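In full-length UniProt numbering, the protein residues as written are 1 to 283. Think of the CB as a built atom: it goes at the ideal place given N, C-alpha and C, for glycine as much as any other residue. Computed from a predicted structure; not experimentally measured.
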């Protein structure tokens with residue numbers, strides 16, 4: 001099994017195919033297996049697809065700490081450096097988008113060609129004076145209290161909204177739903193709670209404006225976890241070179257409900273004209 005030591009923590013990763021690298025960053029509470037259909041698609045189309053389990057998730061170690069965005073971004077940097085990747089496209093879902101943005105802030109874009117944010121929770125989930133539509137602090141506290149005593153119950157109650165039950169085109173086979181819930185339930189509770197608190201408290205708005213690489217923002221118009229007008233649309237407006245694709249009648253689990261469409265959009269974006277860095281590396 002491939003592992004790396006990231007800041008003293010053993011992280012599990014998957015490494016499929018050869019070619020220009022695409023690194024997949026996971027959603028809250030899910031492991032890298034969530035991306036397997038996208039990773040397979042890229043591996044079969046001449047790319048190197050890499051996914052890893054966030055600390056406390058999947059097969060990675062749970063150090064009991066380090067669930068802040070700075071440390072999580074440093075973990076991503078450790079993976080990229082361990083594999084000596086260059087001209088990378090970073091793809092993140094939900095909370096994973098925050099790790100990508102913070103990576104660029106802390107480590108720059110020398111190794112990064114493009115980024116993709118899928119159903120991302122950036123830039124700011126929490127309610128602030130200049131973000132009045134965000135989640136109130138009292139609601140965040142209630143969520144954390146519920147997760148501490150009834151994590152499984154909360155997952156069960158919110159699975160329908162995650163998948164988009166009732167929306168045309170969002171049908172997901174029972175086996176896929178059960179597999180996703182099992183993966184989610186495998187997360188360490190300490191990690192899930194800490195990551196929730198980290199995610200809700202973050203404000204990436206100043207960082208987004210400083211991103212210089214091309215970005216693709218993909219979002220569902222019925223995303224209850226990261227409402228489009230609070231997250232995806234704001235993100236696309238703030239990143240200087242961003243393209244926004246809104247999927248109609250789509251919730252948070254875009255990678256499962258709209259696999260073929262997402263795979264096609266990702267491949268199109270990543271395959272566009274070779275970046276100057278790549279051209280220089282190949283010359």
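Note down the Cα distance separating residue i from residue j, rounded to an integer number of angstroms.
| i | j | result |
| --- | --- | --- |
| residue 236 | residue 18 | 30 angstroms |
| residue 281 | residue 254 | Legend: pLDDT at residue 281 = 45, less than 50; position of this residue unreliable, no value from coordinates given. |
| residue 165 | residue 220 | 13 angstroms |
| residue 249 | residue 225 | 14 angstroms |
| residue 168 | residue 232 | 21 angstroms |
| residue 2 | residue 21 | 17 angstroms |
| residue 223 | residue 96 | 16 angstroms |
| residue 47 | residue 4 | 21 angstroms |
| residue 42 | residue 90 | 13 angstroms |
| residue 59 | residue 204 | 29 angstroms |
| residue 214 | residue 240 | 8 angstroms |
| residue 134 | residue 198 | 15 angstroms |
| residue 136 | residue 127 | 5 angstroms |
| residue 265 | residue 35 | 15 angstroms |
| residue 256 | residue 192 | 21 angstroms |
| residue 179 | residue 107 | 34 angstroms |
What does DSSP give as the partner residue(s) for residue i in the beta ladder?
| i | result |
| --- | --- |
| residue 106 | Residue 106 pairs with nothing; no bridge assigned. |
| residue 10 | 5 |
| residue 21 | 48 |
| residue 115 | 90 and 215 |
| residue 126 | 135 |
| residue 16 | 49 |
May I ask which residues mark the beginning and end of the beta strand (DSSP E) holding residue i?
| i | result |
| --- | --- |
| residue 243 | 242 to 247 |
| residue 218 | 215 to 220 |
Where do the ends of the alpha helix (DSSP H) carrying residue i lie?
| i | result |
| --- | --- |
| residue 80 | 69 to 82 |
| residue 41 | 36 to 43 |
| residue 185 | 174 to 185 |
| residue 271 | 259 to 271 |
| residue 285 | This structure cannot settle anything about residue 285, because the visible part of the chain is limited to 1 through 283. |
Are the beta-carbon atoms belonging to residue i and residue j less than 8 angstroms from one another?
| i | j | result |
| --- | --- | --- |
| residue 30 | residue 150 | no |
| residue 238 | residue 208 | yes |
| residue 174 | residue 270 | no |
| residue 44 | residue 73 | no |
| residue 218 | residue 116 | yes |
| residue 67 | residue 195 | yes |
| residue 181 | residue 211 | no |
| residue 23 | residue 80 | yes |
My output table needs one value for residue i: the three-state DSSP class, helix, strand or coil.
| i | result |
| --- | --- |
| residue 166 | coil |
| residue 28 | coil |
| residue 223 | coil |
| residue 203 | strand |
| residue 99 | helix |
| residue 188 | coil |
| residue 54 | coil |
| residue 143 | helix |
| residue 148 | helix |
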